[in-house]
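Using this note's numbering, you'd call the opening residue of the sequence shown number 1 and step up by one each time.
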Amino acid sequence: MKKLISLALISAMLLTFTACDKKENSSDTSTENSQSGQTSKSESSFTSSEPVSTPGSGWTAETAASVFCIDGKPIPYPFTIDALGSDYSIKKSDTEISDSGFCSTNLYHGKDKIFILTYNNIKKYDDISSATPKSITTYYEGMDDLIIPVQQLISFNGIRLGASKEEVSSAFGEPNNDKSDPRWTYKDSNSEGNCILFSFNSAEKVNFMRISFNS
């Protein structure tokens, strides 16, 4: 009888230990999944190019930069070439600097051109990488067939080259100028200068986009 009682107690203890082990394993798995989910969420939010609603106070260069994305990643604000990292560069051979300090150059991602950058108050080529540009402009749709695949990596609050006026107004709200114009502009609510521009072709599709920094 004593043996039977002892066996019953041992069996009960084993079952308890097994249940605790399963619970701990389940907790560990749950924690790992939770941590994994947090990482995915964090990465997703950083690389997201999902459109956001028009800010209640209107667009600014800063809020526009936060939705101007290269391959899903928003450009930094204030924008500088140095802040983009080693994959991005400019070339002296296709950079122009006038006596007045106005500068125009191409931004490369690897070997591909992706933007036209303009600057004010540039004295020499070495100043460009750490300076904030006056504007960032995508290349015209159809300007170069080799450039178009690169342009599809660029989205501006979800808008890409070829988007319609309806899609632009849905993503950015009503422009500050006449909607019948071939170019739509949106003012910076801080500086009152234009910070966003969309150009439309004859089919009323976006053929280039620009973000301007007025600070």
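Glycine included, every Cβ here is placed at the ideal spot set by N, Cα and C.
Review point. For D188, is the classification buried or exposed, using 16 other Cβ atoms within 10 angstroms of its Cβ as the cut-off for buried?
Key: Your numbering for residue 188 matches position 188 in the sequence shown. Burial call: buried.
**Study point:** the region 79–92 in contact with the region 107–123 per 3-pair CB rule at 8 Å
**Key:** These segments touch.
Check your understanding: How far does the beta strand (DSSP E) with L197 in it reach, from first residue to last?
Key -> One-based indexing of the sequence shown puts residue 197 at position 197. Run containing L197: 194–200, per the beta strand (DSSP E) assignment.
Check your understanding: Is DSSP giving K187 helix, strand or coil here?
Key -> Here residue 187 corresponds to residue number 187 of the sequence shown, with the count starting at 1. Assignment of K187 by DSSP, reduced to helix, strand and coil, places it in the strand class.
Practice item. Might you give, ordered along the chain, the residues of its own chain that have their beta carbon closer than 6 Å to the beta carbon of G173, omitting 5 neighbours on each side? Key: Your numbering for residue 173 matches position 173 in the sequence shown. Excluding its 5 nearest sequence neighbours in each direction, G173 has C-beta neighbours in its own chain below 6 Å: T54, listed in chain order.
Point to revise | Buried/exposed call for P217, threshold 16 Cβ in 10 Å | key: A query on residue 217 cannot be resolved here, the shown segment of the chain reaching from 1 to 215 and no further.
Exercise for review: Please state whether DSSP places S93 in a helix, a strand or coil.
Suggested key: Against the sequence shown, residue 93 aligns to sequence position 93. In this structure, S93 counts as helix in the three-state DSSP scheme.
Practice item. Give the DSSP bridge partners of L107, in chain order. Key: Position 107 of the sequence shown, counting from 1, holds the residue named residue 107. Residue pairing by DSSP places L107 opposite F115 in a beta bridge.
Check your understanding: If you run the structure through DSSP and keep just helix, strand and coil, what is T216?
Key -> It is not possible to answer for residue 216, since the shown part of the chain is limited to 1 through 215.
Review point. Taking the DSSP output, what are the residues bridged to K205?
Key: By one-based count along the sequence shown, residue 205 stands at place 205. BP columns for K205 point to S164.
Check your understanding: To the nearest angstrom, how far is it from the Cα of I97 to the Cα of R210?
Key -> Taking the sequence shown and counting its residues from 1, one reaches residue 97 at position 97. Taking the sequence shown and counting its residues from 1, one reaches residue 210 at position 210. Between I97 and R210, the C-alpha separation is close to 20 Å.
Point to revise | F156, DSSP secondary structure in three states | key: Position 156 of the sequence shown holds residue 156. Correct three-state label for F156: strand.
Practice item. Go ahead and label A203 buried or exposed: buried means 16 or more other beta carbons lie within 10 angstroms of its beta carbon, across all protein chains shown. Key: As a working note, residue 203 is residue 203 in the sequence shown. When all chains shown are included, A203 counts as exposed.
Point to revise | alpha helix (DSSP H) runs contained entirely in the region 47–91, provided each spans 4 or more residues | key: Listed in chain order, the alpha helix (DSSP H) elements of length 4 or more contained wholly in the region 47–91 are 61–66, 81–84.
Check your understanding: How is S180 classed by DSSP in three states: helix, strand or coil?
Key -> On the sequence shown, residue 180 is found 180 positions in, with the first residue counted as 1. Looking at S180 - three-state DSSP - the assignment turns out to be coil, as it is neither helix nor strand.
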